[in-house]
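Sequence positions in the sequence shown follow my numbering and run 7 to 386.
Backbone N, C-alpha and C fix where the C-beta goes; we use that ideal spot for every residue, glycine too.
Just so you know, these numbers come straight off a predicted model, no measurement behind them.
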Amino acid sequence: MKFNTKTIHGGQHNVDPAYGSVMPPIYQTSTYSQSTPGGHKGFEYSRTRNPTRTALQNSLASIENGKHGLAFGSGLAAIDAVIKLLQPGDEVVSTNDLYGGSYRLFKNVFEKFGIKFHFIGMQDASKIENYINENTKLLWVETPTNPMMNIIDIKACSSIAKSHNILLAVDNTFATPYLQQPLDLGADIVMHSATKYLGGHSDVVMGALIVNDNELAEKLYFIQNASGAVCGPQDSFLVLRGIKTLHIRIQRHCENGKAIANFLTSHPKIEKVYWPGLPTHPNHDIAKQQMNDFGGMISFTTKGNLMADAIKVVENLKIFTLAESLGGVESLAGHPASMTQASIPKEEREKTGVVDSLIRLSVGIEDVDDLIEDLKQALG
Ligand SMILES: *Cc1c(COP(=O)(O)O)cnc(C)c1O
Numbered sequence: 007m008k009f010n011t012k013t014i015h016g017g018q019h020n021v022d023p024a025y026g027s028v029m030p031p032i033y034q035t036s037t038y039s040q041s042t043p044g045g046h047k048g049f050e051y052s053r054t055r056n057p058t059r060t061a062l063q064n065s066l067a068s069i070e071n072g073k074h075g076l077a078f079g080s081g082l083a084a085i086d087a088v089i090k091l092l093q094p095g096d097e098v099v100s101t102n103d104l105y106g107g108s109y110r111l112f113k114n115v116f117e118k119f120g121i122k123f124h125f126i127g128m129q130d131a132s133k134i135e136n137y138i139n140e141n142t143k144l145l146w147v148e149t150p151t152n153p154m155m156n157i158i159d160i161k162a163c164s165s166i167a168k169s170h171n172i173l174l175a176v177d178n179t180f181a182t183p184y185l186q187q188p189l190d191l192g193a194d195i196v197m198h199s200a201t202k203y204l205g206g207h208s209d210v211v212m213g214a215l216i217v218n219d220n221e222l223a224e225k226l227y228f229i230q231n232a233s234g235a236v237c238g239p240q241d242s243f244l245v246l247r248g249i250k251t252l253h254i255r256i257q258r259h260c261e262n263g264k265a266i267a268n269f270l271t272s273h274p275k276i277e278k279v280y281w282p283g284l285p286t287h288p289n290h291d292i293a294k295q296q297m298n299d300f301g302g303m304i305s306f307t308t309k310g311n312l313m314a315d316a317i318k319v320v321e322n323l324k325i326f327t328l329a330e331s332l333g334g335v336e337s338l339a340g341h342p343a344s345m346t347q348a349s350i351p352k353e354e355r356e357k358t359g360v361v362d363s364l365i366r367l368s369v370g371i372e373d374v375d376d377l378i379e380d381l382k383q384a385l386g
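Structure below.
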């Protein structure tokens with residue numbers, strides 16, 4: 007199957023064996039009857055396995071070209087399961103402009119258990135090797151990054167990981183498998199906040215992991231069941247439904263993203279535009295190699311770099327909603343310095359580019375003329 011068929015049929019039985027329902031039923035049950043102890047149909051207890059979650063996990067595996075999919079109660083719960091593969095004394099090398107919640111989980115939860123994290127600039131992959139030693143067990147990569155839209159070379163990271171016999175995990179939340187398939191580029195683990203584009207409608211919080219290796223999958227299924235951060239059947243159904251339109255949604259996100267990046271680039275009040283599809287983007291060449299298109303996430307700064315200006319712009323927007331999160335059908339705008347990145351000291355966040363006037367857009371799939379009009383009036 008090609009990708010646009012996999013989103014709809016990948017890993018799915020086309021018809022439910024019980025009553026012929028075309029869509030997967032929501033098995034809203036915690037347990038399953040047994041004819042004799044152990045005499046069940048593959049399902050015993052819903053933390054371990056639930057048919058609606060299994061349908062979703064098969065879909066996740068299919069769209070990422072992986073063998074095994076695992077769904078969790080949130081993106082962070084999925085990351086939590088990956089780090090639980092490690093032991094005290096192990097080390098992880100990660101990007102320095104990581105999603106804030108991933109950074110908090112690594113730094114404020116797992117460092118307490120004796121795991122060491124190095125947060126470094128990964129746009130130049132050759133620098134990564136300086137931080138690898140005999141304790142290093144995992145490279146944690148996020149690309150494109152949030153909110154600066156930096157691109158990290160997944161293939162280069164994979165060859166470094168392979169030469170040192172360590173795992174490479176890629177947070178593929180921003181790109182989605184429509185734009186980038188990290189397992190095909192050599193990653194061992196793909197992670198998603200399915201809350202974002204996979205769900206696609208801002209109505210569910212969920213996380214996902216996809217892997218190829220059977221042994222690694224076994225370990226992660228064990229942690230999924232043993233730690234128990236699973237998602238419910240209703241949420242599994244919603245994300246499964248979201249995935250069925252992933253390809254047409256992302257196609258439109260990309261078209262609208264391109265038009266808006268071009269509009270912003272030529273606007274007299276704009277200083278800088280961060281979108282990997284612009285030839286001026288510092289990692290544009292790698293983006294072109296490893297991504298099929300460039301998505302609908304855009305950050306920009308206003309001239310003069312005043313926080314008051316940026317706040318006025320996001321307050322004036324009428325179609326774009328001022329809110330955290332991303333990846334839904336509706337357009338959202340955020341002000342990282344006072345919202346998602348507010349807990350990072352000013353000097354620290356400015357080092358990675360998160361200046362006072364930075365605004366981040368999650369460009370939705372509304373009519374692009376209306377979105378551009380909205381930005382025009384807000385900037386005016
Ligand atoms: C939102 C997000 C997460 C965390 O996912 P939750 O579903 O909010 O727990 C991780 N990585 C990235 C890139 C995200 O955008």
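Secondary-structure assignment with DSSP links A77 through a beta bridge to A214. With a cut-off of 8 Å on Cβ pairs, the region 213 to 226 is not in contact with the region 252 to 262, counting fewer than three such pairs. As computed with DSSP, A175 is found in a beta bridge with W146, I195. If only uninterrupted beta strand (DSSP E) runs of at least 3 residues are considered, those enclosed by the region 13 to 86 are 74 to 78. Residue side-chain check: V211 places its Cβ nearer than 6 Å to a non-hydrogen atom of ligand 1. Under the DSSP assignment, M313 falls in the alpha helix (DSSP H) whose first and last residues are 313 to 322.
Assignment of Y184 by DSSP, reduced to helix, strand and coil, places it in the helix class. Setting aside the 5 residues that flank it on each side, I317 is surrounded in the same chain by H341, S344, each with a C-beta closer than 8 Å to its C-beta; the list follows chain order.
The closest CA to that of T149, considering only G310, I160, G95, N139, is found on I160.
Using a Cβ distance threshold of 7 Å, A84 and A214 count as a contacting pair. In this structure, the C-beta of S199 approaches ligand 1 to less than 6 Å from one of its heavy atoms. DSSP links F123 through a beta bridge to V98.
The C-beta distance from L144 to I172 rounds to 6 Å, short enough to meet the 8 Å contact threshold.
Secondary structure of G106 (DSSP, three-state): helix. As the crow flies, the alpha-carbon of S52 is around 44 Å from that of N289. L328 carries a strand assignment under DSSP once its states are collapsed to helix, strand and coil. About 18 Å separates the beta carbon of A77 from that of L91, a gap too long to meet the 8 Å contact definition.
Going by C-alpha positions, N71 is about 7 Å away from Q187.
Taking the CA atoms as reference points, P351 sits about 14 Å from R110.
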